[in-house]
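Below: one structure, written as structure tokens.
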Amino acid sequence: MLAVTCSMGLVVVSPLALPALDGNGENWERIGNIAQAYGAVSALLSGLAVVGVVVSLVLQAREAKAARVQNTRTMHMEFSRLAIENPEYLDCWGGPDASRTVLLRRQHMYVNLVVSHWEMWFELGDLTDHWLASMCDEIFAGEIGRSFWARTREARISTASTRRMKHFNQIIDTRCVAALGIPPRTEPALPDLGVPGVVLPGAADQDQS
């Protein structure tokens, strides 16, 4: 933008320099020829200025969209957090579900938050296909991630409104299908070995009960 501003300034003050280019400044015909030759440069600089303005508007529109998406995601995360922390709110998300325990429904909502975060990250262009596939492999290594995608796959694929979002869901679906050929992880978690902030498997089971 600084370069475009300087270029526009040169265009504005250029008529004052035309007499100097003529030497004594008295040959108006020659000055006219110089000005006509300079017109092409002026048009080029004007075109660059327009391009700069367009790029600036595109970047502003992208930032505004990212802010709107972020606000929406923040509200969604807050609603989900309330339901995860307060089981009495779980029935507000689709009604009672006798096929799953409260723990499974909480886990489902948490995975949904993770995938929604990936979606926003991917839509902004900050998450590559390779990293998305790697994170999918990690989640689909367990039964919870596979169960989540089995329940939400059809809805997510059918509601994808852009080509990029369709590509996003296709990557997830492909990695889930690939993971189904490998048995899910069932080994118990390792003990904390005195590491602060890590809960022993037995303590976690008691909290869930």
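Quick note: to get the numbering used here, add 34 to the position in the sequence shown (first position is 1). C-beta: ideal position from N, C-alpha, C; glycine also.
For this session: Would you decide whether residue 59 is buried or exposed? Buried here means 16 or more other CB atoms lie within 10 Å of its CB.
Result: The residue you call residue 59 lines up with position 25 of the sequence shown. Because residue 59 sits at a pLDDT of 49, beneath the cut-off of 50, its placement in the model cannot be relied upon, and the following sentence gives the value as read from the coordinates. Residue burial is scored here from C-beta neighbours: residue 59 has fewer than 16 other C-beta atoms within 10 angstroms and is therefore classed as exposed.
For this session: Identify, in the order they occur along the chain, each residue of the same chain with its Cβ nearer than 6 Å to the Cβ of residue 87, setting aside the five sequence neighbours on each side.
Result: Here the question's residue 87 lines up with position 53 in the sequence shown. Shown here for residue 87: not one same chain residue has a beta carbon closer than 6 Å to its own, the five before and five after excluded.
Problem set entry | Spatially closest choice to residue 182 from 154, 145, 196, 120, by CA coordinates | For this step, residue 182 is matched to residue 148 along the sequence shown. Of the listed residues, the one whose Cα sits closest to residue 182 is 145.
Exercise. Exposed or buried, what is residue 124 when buried is set at 16 or more other beta-carbons lying within 10 Å of its beta-carbon?
Worked result: Here the question's residue 124 lines up with position 90 in the sequence shown. With 16 or more Cβ atoms within 10 Å of its Cβ, residue 124 is classed as buried.
Exercise. Considering only the beta carbon of each residue, do residue 214 and residue 185 sit closer than 9 Å?
Worked result: Numbered from 1 along the sequence shown, position 180 holds the residue referred to as residue 214. Numbered from 1 along the sequence shown, position 151 holds the residue referred to as residue 185. In terms of Cβ geometry, residue 214 and residue 185 do not form a close pair [threshold 9 Å].
Problem set entry | Spatial distance of residue 115 from residue 216 (CA atoms) | On the sequence shown, residue 115 is found 81 positions in, with the first residue counted as 1. On the sequence shown, residue 216 is found 182 positions in, with the first residue counted as 1. In a straight line, the C-alpha of residue 115 is about 32 Å away from that of residue 216.
Problem set entry | First through last residue of the alpha helix (DSSP H) which encompasses residue 157 | Translated into the one-based positions of the sequence shown, residue 157 becomes position 123. Element bounds for residue 157: 136–157.
Exercise. Hey, is the stretch 163–176 in contact with the stretch 201–212, meaning 3+ C-beta pairs nearer than 8 Å?
Worked result: Contact between the stretch 163–176 and the stretch 201–212 is present: three or more C-beta pairs spanning the two stretches fall below 8 Å.
Problem set entry | Status (buried if at least 16 other CB within 10 Å, exposed otherwise) for residue 209 | Within the sequence shown, residue 209 is the residue found at index 175, counting from 1. Using a 10 angstroms sphere on the CB of residue 209, the tally of other CB atoms reaches 16 or more, which defines it as buried.
Problem set entry | Check whether residue 190 and residue 205 have beta carbons under 9 Å apart | Taking the first residue of the sequence shown as position 1, residue 190 is located at position 156. Taking the first residue of the sequence shown as position 1, residue 205 is located at position 171. Not a contact, by the Cβ cut-off of 9 Å.
Exercise. What are the boundary residues of the alpha helix (DSSP H) that includes residue 166?
Worked result: Residue numbering aside, residue 166 sits at position 132 when the sequence shown is read from its first letter. Start and end: 163–173.
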